[in-house]
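137 is the number of the first residue of the sequence shown in my numbering; add one for each residue after it.
Every residue, glycine too, gets a C-beta built ideally from N, C-alpha and C.
Values in this document were obtained by computation on a predicted structure and should not be read as measured data.
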Amino acid sequence: MVKKRACIFISGSGTNLRSIIKNSRDYNFPINVNLVISDNKNAKGIDFAKKFSIPYIILDSKKDKFEKIAIKELLDRKIKLVCLAGFMKILSKNFVRNFKGKIINIHPSLLPKYKGLSTFKRALNAREKITGCTVHFVDEKLDNGKTIVKKKVLIDKSDNHEQLKKKVQSEEYKAYSIAIRKIYNAN
Ligand code: GRF
């Protein structure tokens, strides 16, 4: 199997990045992580790119410049899939159109519930009994594209923010892996 060339966009701790890299070491996993792009020079996730010897670019610039350089890098490096993993910029319509159907994102809620930020806090405040995460295609609207995989997480009455975040994030790692396999019909 020829693995598809993928790039992961990050802004922060990069634990989803780490999980995707680890999965990609599996012979049967459909993608290889060929590039990491961070829009934050202090993102902890950059350390995972270094640790696993994956090329990385820090693009700590305004959106226009970020996107111009990112598009060129993605095209030059023949990247076929862009995975957003804790990436905090909202990509422009132009960027999304350039890579239509080739950008996916992970969001820490069961979309369409709780689009946007502070999803754990909002779910706890609303006394939800259930939340989760969603991997979806990125379209021109925020947290809106077609769902690929959803994973549910039960909220215990005693859960605080950190506990809930930990529970959801451990499901995120599985969800991202399942979603990438699903896109390419891999087992
Ligand atoms: C994850 O919870 C993801 O759902 C959200 O941002 C967080 C990123 O965590 N979009 P990490 O950088 O992968 O550790």
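Secondary structure of N241 (DSSP, three-state): strand.
Judged by the Cβ position, N176 fails to qualify as a neighbour of the ligand GRF at the 6 Å threshold, every heavy atom of the ligand being at least this far. In the DSSP annotation of this structure, the continuous segment of the alpha helix (DSSP H) that includes V232 starts and ends at 229–234.
For the ligand GRF, no non-hydrogen atom lies closer than 6 Å to the CB of A142.
Contact between G222 and S155 does not hold, since their C-beta atoms are separated by about 11 Å, which reaches or exceeds 8 Å. Proximity annotation: the ligand GRF has residues G148, S149, G150, T151, N152, A221, G222, I242, P244 in chain order, each selected because its CB is closer than 5 Å to a heavy atom of the ligand. Measuring C-alpha to C-alpha distances from G281 to each of D200, D162, N176, P248 identifies P248 as the nearest. A straight line joining the alpha-carbon of F235 with that of F273 spans about 11 Å. Of the residues V172, R213, H243, the one whose Cα lies closest to the Cα of I194 is V172. When beta bridges are read from the DSSP output, N168 appears opposite R141. Between E308 and N152, the C-beta gap is smaller than 7 Å, which places the two residues in contact.
By the beta-carbon neighbour count (other beta carbons within 10 angstroms, threshold 16), P191 is exposed. Assignment of K286 by DSSP, reduced to helix, strand and coil, places it in the strand class.
Under the three-state reduction of DSSP, L246 is assigned to coil, being neither helix nor strand.
Around the CB of Y312, 16 or more other CB atoms lie within 10 Å, so the residue is classed as buried.
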